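Note sheet for the following structure.
2 protein chains.
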Amino acid sequence: MSLDLKAQVLEASVRLIAEEGLAGLSMREVARRAGVSHQAPYHYFDDKAAIVAALVERGFTRLADRLEAASREGLASQRLARTGRAYVAFALDEPVYFRLMFRPELADRARFPAVEAAGARALGVLRRLVDESLGPRATPARREATVSMHWSLAHGLATLLLDGPLGASLAPGPARDRHVDEVLRLFVER
Amino acid sequence: MSLDLKAQVLEASVRLIAEEGLAGLSMREVARRAGVSHQAPYHYFDDKAAIVAALVERGFTRLADRLEAASREGLASQRLARTGRAYVAFALDEPVYFRLMFRPELADRARFPAVEAAGARALGVLRRLVDESLGPRATPARREATVSMHWSLAHGLATLLLDGPLGASLAPGPARDRHVDEVLRLFVER
DNA sequence: CGGCTCGGGTTGACGCTGTCAAGTCGTCGT
DNA sequence: ACGACGACTTGACAGCGTCAACCCGAGCCG
């Protein structure tokens, strides 16, 4: 009947992390919330790390989806900016996933290759946009630096809002959204 | 004699985290490495969170010191860029501290006000630089956005190098340093 | 000198955790 | 009819953070 135990475990894990933080994620509590014995989750996940890795993979997949959507609409000249906004919006919408995604010690790349693949997909979106905007004559080093610059800005803004001092002073709401717009506009208008 | 047990505990904690990650930090293992019983550290730290908070505070203090040093030397026009480089350099030099510093759930600001103070000091350096570079006529919103932009770029670059895909492809070494320079130069030359 | 407090530890216990090992039970293929 | 197997349970173990109680030597007070 409960082949969806797997889904229930993932769902319960996300909620647990949202409520108590990553440290509060416990195999046994997840099982309790799913109404099964403490060992049942092991039928679907080898260990605790495998649960987290599944969430990380799902996070990168969702991020890649949103970046792809944002990278298609609008004028070519605005695509990079729109995609940057989509990146920050994802982090603020899905803080649980976003935070997990950038703790590589949680999802060993060798052990969970699907995580790496999903991450590469997200990176690919950005790379394509940069290639498109730089044209075919830019040097590889310049290309790489441009990718890093755009990603760093969006990623830094997202993490500082989420876990840094910007988050402490700027609560979720329109003021925060306005600040994000302002920062990204300032960056683009150079 | 061992009033330096406190120092030994902090030292051992940093080494443990460097070796096994934050999850490997264990009150009991720290005590073992310091050669004392499993309860001895409790004489100096209320609990595990207090150890981590002490490290976070130390991290922000060291960062603020380095930013202050960088923000004083060189031409005024180059100070922002130099300070950005110092920020990234700190993250790469002290990855253990840097990673702890941006997990606010580890060091509750209400419980450990010294952490907040140290963090504010680091932020103050950046704020002063931005004020200096914008002149007195800029609007507060513009000021805030500029601070966020610079900090986001440096912070994003640092965290992506440390825990993101940039770190996976760019090992420590001159190539990485060159990349950092290139990104920051690209950003400044607008 | 005798006794007391007190810092700086120690030992022991508790409930919690992740995970290994083994057992149970219904359903399905042959 | 039966055996295999998937889905799950029960039980055990070591290690963890932390509470509680105890110990011991140095310093002060009478």
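Residue numbers (the working numbering), protein chains in the order written: chain A, 478 to 667; chain B, 478 to 667.
Virtual Cβ for every residue (Gly too), placed ideally from N, Cα, C.
Since we're looking at a predicted model, the values are computed, not measured.
If you look at valine 513/B, you'll find it isn't in any alpha helix (DSSP H); DSSP assigns it neither H nor E. 8 Å or more divides the Cβ of valine 507/B from the Cβ of leucine 577/B. Boundaries of the alpha helix (DSSP H) around proline 642/B: 642-646. Taking 8 Å as the Cβ-Cβ cut-off, the segment 570-584 of chain A approaches chain B at Phe579, Arg580, Pro581 and Glu582, given in chain order.
DSSP places alanine 484/A in the uninterrupted alpha helix (DSSP H) bounded by 482-497. Straight-line measurement puts the Cα of alanine 526/B at about 18 Å from the Cα of arginine 509/B. Contacts with chain A at 8 Å (Cβ-Cβ) do not include leucine 493/B. Under the Cβ distance rule, glutamate 506/A does not count among the residues neighbouring chain B, no pair being separated by less than 8 Å.
Taking 4 residues as the minimum length, the alpha helix (DSSP H) runs contained wholly in the segment 560-615 of chain A are 572-578 and 590-611, in order along the chain. The segment 595-606 of chain A makes contact with the segment 541-551 of chain A, as at least three CB pairs between them are under 8 Å. Glycine 641/A is classed as buried because its beta carbon has at least 16 other beta carbons within 10 Å across all chains shown.
Pairing leucine 663/A with threonine 623/B gives a Cβ-Cβ distance under 8 Å. Residue burial annotation: threonine 560/B is buried, with at least 16 other C-beta atoms found within 10 angstroms of its C-beta. Annotated three-state conformation of serine 548/B is helix, per DSSP. For proline 617/A, the three-state secondary structure derived from DSSP is helix. If the five residues before and after arginine 619/B are omitted, its C-beta is found closer than 8 Å to the C-beta atoms of Leu611, all from its own chain and listed in chain order. For glutamate 621/A, the nearest CB of chain B lies under 8 Å from its own CB, placing it at the interface with that chain. Nearest CB-CB separation between glycine 601/A and chain B: not below the 8 Å threshold.
Here glutamate 659/B has no same chain residue with a Cβ atom under 8 Å from its own Cβ, once five neighbours each way along the sequence are excluded.
Here the segment 566-582 of chain A lies against the segment 636-653 of chain B, with 3 or more beta-carbon pairs under 8 Å apart.
The C-alpha of valine 486/B is placed about 20 Å away from the C-alpha of arginine 588/B.
Shortest Cα-Cα distance from proline 572/A to any of Leu499/A, Ser625/A, Asp481/A and Ala553/A involves Leu499/A. By the Cβ-count criterion, threonine 636/A is buried, with 16 or more other Cβ atoms from all chains shown falling within 10 Å of its own Cβ.
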